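Its first residue numbered 68, the sequence shown is counted upward by one per residue in the numbering used here.
I have placed the structure first, in the form of structure tokens, so that the comments after it can refer back to it.
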Amino acid sequence: MDFEWNKNKAEINLKKHGVSFQEAATVFGDNLALTFNDPDHSIDEHRLLTFGVTRTGKYVVVSHTELDTTIRIISARQMTKQEKKIYEEG
């Protein structure tokens with residue numbers, strides 16, 4: 068699996084949410100990760116939200132698209148309490 072992202076968005080995301088896209092990419096190695104369609108945030112492309120735990124133990128939500136074998140990360144942030152409950156109930 069390959070990952071890509073916009074460098075400027077990655078810097079803004081890190082400052083705003085405290086989650087780097089490099090760290091966010093590790094969520095896709097979480098065997099318990101949950102992925103949902105996210106039609107509310109784009110009409111131009113198929114967006115997804117993945118809830119998972121990073122290698123450093125952060126509970127995060129990653130907004131992304133998938134193109135063949137490449138995942139393009141759009142944003143990442145720590146889960147809310149409600150999102151963490153959804154993740155833990157699997």
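All C-beta atoms in this analysis are idealised placements derived from N, C-alpha and C, irrespective of residue type, glycine included.
Remember, predicted model here, so these are calculated numbers, not experimental data.
For D107, the secondary structure class from DSSP, reduced to helix, strand or coil, is helix.
When the Cα atoms are used, L101 and N73 turn out to be separated by approximately 24 Å.
For L115, the enclosing beta strand (DSSP E) covers residues 115-120. Taking all protein chains shown into account, G96 has fewer than 16 neighbouring C-beta atoms within 10 Å of its C-beta and is therefore exposed.
One Cα belongs to M146, the other to R122, and the distance between them is close to 15 Å. Contact check for E71 against T117 fails: the beta carbons are separated by 8 Å or more. With a threshold of 16 other beta carbon atoms within 10 Å, F103 falls short and is exposed.
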